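Those letters in the sequence shown? Residues 773 to 932, per our numbering, in order. From the three backbone atoms N, C-alpha and C, an ideal C-beta is built for every residue, glycine too. In this text the structure is predicted, and so the values were computed from the model without any measurement. One structure is given below, encoded as structure tokens.
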Amino acid sequence: MSMPALPPRTGHRPRTGPAVPHEQLTQPSPPPVRDQLVRWMSTQLPGTRTGESEISLPGALAVFLDSFACAEGAVLLPPRLDAELGHVHVDGSLHVALPRDDQEELLAKGWGERHPLYSPSVNVVMLYAPRTVEELDVARSVLDASYRYAIGRERVPAHP
């Protein structure tokens with residue numbers, strides 16, 4: 773497992789749509805929490821760039837590998853499967869690519885669910901929107917695990 777053990781998520785799971793597009797329907801992130809997440813993902817994942825998602829609804833901000841090739845064996849988000857490692861929706865929920873053991877941790881602790889089209893070639897799980905600054909730490913840990921999965925190694929230092 774590349775991600776630290778997650779605490780159990782408190783409260784009820786949010787409602788999500790059963791089909792594509794896979795959306796979180798309740799419990800969105802407060803705008804300041806989503807803004808902090810966007811700032812973090814735009815600056816703290818070296819060798820990446822942010823931009824409009826290639827697969828999600830308009831307004832979703834994605835993280836793409838920029839200075840690294842996708843790690844051998846890693847399956848990222850469609851359509852290219854080797855560039856977009858995750859994206860945050862306007863409600864604060866995320867879709868990310870993770871290795872199997874990290875997916876199991878995320879699901880077991882109540883932080884998310886598999887995408888309705890999940891398969892070996894659609895390696896996408898939803899991370900529910902962080903509702904508080906404390907839950908933002910979980911989102912950062914999950915995004916960091918997705919990043920390390922995508923590049924196939926431990927984190928490289930961020931530029932100051």
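Outcome for residue i when other beta-carbon atoms lying within 10 angstroms are tallied against a minimum of 16
i	result
Asp909	exposed
Val835	buried
Gly864	buried
Ala846	buried
Ser801	buried
Pro932	Per-residue confidence for Pro932 stands at a pLDDT of 43, beneath the threshold of 50, marking its modelled position as unreliable; no derived number is given.
Pro902	buried
Ala922	buried
Arg806	buried
Arg920	buried
7 angstroms CB neighbourhood of residue i in its chain, flanking five on each side removed
i	result
Val810	Leu833 and Val860
Pro850	Ile827 and Val894
Arg821	Phe836 and Asp838
Gly789	Glu795 and Leu797
Gly882	Pro780, Arg781 and Arg785
Trp812	Arg912
Residue from the options whose Cα sits closest to the Cα of residue i
i	options	result
Ser918	Leu879, Val792, Val897 and Pro786	Val897
Val914	His887, His867 and Arg925	His867
Gln875	Asn895, Val862, Glu856 and Gly864	Asn895
Glu980	Arg806, Gly858, Leu817 and Gly882	As shown, the chain starts at 773 and ends at 932. That puts residue 980 outside it, with no answer to give.
Ala791	Pro888, Asp916 and Thr904	Pro888
Distance, residue j Cα to residue i Cα
i	j	result
Gln799	Glu885	15 angstroms
Ala855	Asp838	8 angstroms
Leu853	Thr782	32 angstroms
Pro830	Pro780	31 angstroms
Ala843	Val862	29 angstroms
Leu899	Gly823	19 angstroms
Glu907	Leu879	15 angstroms
Unbroken beta strand (DSSP E) run spanning residue i, endpoints
i	result
Ala917	Counting along the chain, Ala917 falls outside any beta strand (DSSP E), though it belongs to the alpha helix (DSSP H) covering Val905 to Ile923.
Leu829	Leu829 -> no beta strand (DSSP E), and no H or E assigned at all.
Leu899	Val897 to Leu899
Glu720	Given a span of 773 to 932 for the chain in the structure shown, any question on residue 720 remains unanswerable.
Arg886	Gly884 to Arg886
His867	Leu866 to Val868
Val835	Leu833 to Leu837
Glu856	Glu856 to Val860
8 angstroms CB neighbourhood of residue i in its chain, flanking five on each side removed
i	result
Glu877	Met773, Met775, Ala777 and Leu778
Val905	Val805 and Gln808
Endpoints, alpha helix (DSSP H) assigned at residue i
i	result
Val805	Pro803 to Thr815
Leu879	Arg872 to Ala880
Sequence-distant residues of the same chain with beta carbon closer than 6 angstroms to residue i, five excluded per side
i	result
Gly924	Ala843
Phe840	Gly819 and Ile923
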